[in-house]
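Numbering (the numbering used here), first residue to last: 56 to 263. All C-beta atoms in this analysis are idealised placements derived from N, C-alpha and C, irrespective of residue type, glycine included. Given the structure is predicted, the values throughout are model-derived calculations rather than measurements.
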């Protein structure tokens, strides 16, 4: 069976670039975490935790590059990875990329690269390098809602507006994102969200 080579597929603004690593990594690590806001209540021994958001997944690995037998600068190859930190002139941001190795696929952006050069020619040209690379997972709001529909956003609800409550606060509770307040305003024919009467009934529509 042929060796399956790991590769990084780069999503450029006008084209797709494929970077094939010289040597497959010996291992990789995927780290996931959540952020909570902790409230200390007098008289309780354990603070009350409120979920804020996911911190997103991180993929870390060590990539090995060796060009000693070819006698050429190893940076000719390793720079393909380090350049993923550079801002794309058309995207105005570093490009999205996908690390693919067999059934494993991780899409995100490269957030850090540490290079360590361990062998040199007599001229001082580096011919062996180890790169510690970290990818952060990236998804748009639409992609995340499609992947994991929230119970609060897939059905129509009714809410009674309370004193001091705003549409962005309701959107934050129902959709877990206050930026969707416009969906509530549109469903209720509200032109000016700043002029709202407490006690009015509001329709909270499902997100499409």
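Residue 114 and residue 65 have their C-alpha atoms some 16 Å from each other. Residues of the same chain with a CB within less than 6 Å of the CB of residue 156, apart from the 5 flanking positions on each side, are 61 in chain order.
Here the alpha carbons of residue 105 and residue 237 stand approximately 25 Å from one another. Spanning the alpha carbons of residue 126 and residue 174 requires a straight line of approximately 11 Å. Contact check for residue 136 and residue 186: beta-carbon distance about 6 Å, within the 8 Å limit, so the pair qualifies. In the structure shown, the three-state DSSP call for residue 59 is coil.
Taking a cut-off of 8 Å for Cβ pairs, the region 142 to 154 and the region 167 to 184 do not touch, as fewer than three such pairs fall below it. If you draw a straight line from the Cα of residue 152 to the Cα of residue 87, it comes to about 19 Å. Secondary structure of residue 187 (DSSP, three-state): strand.
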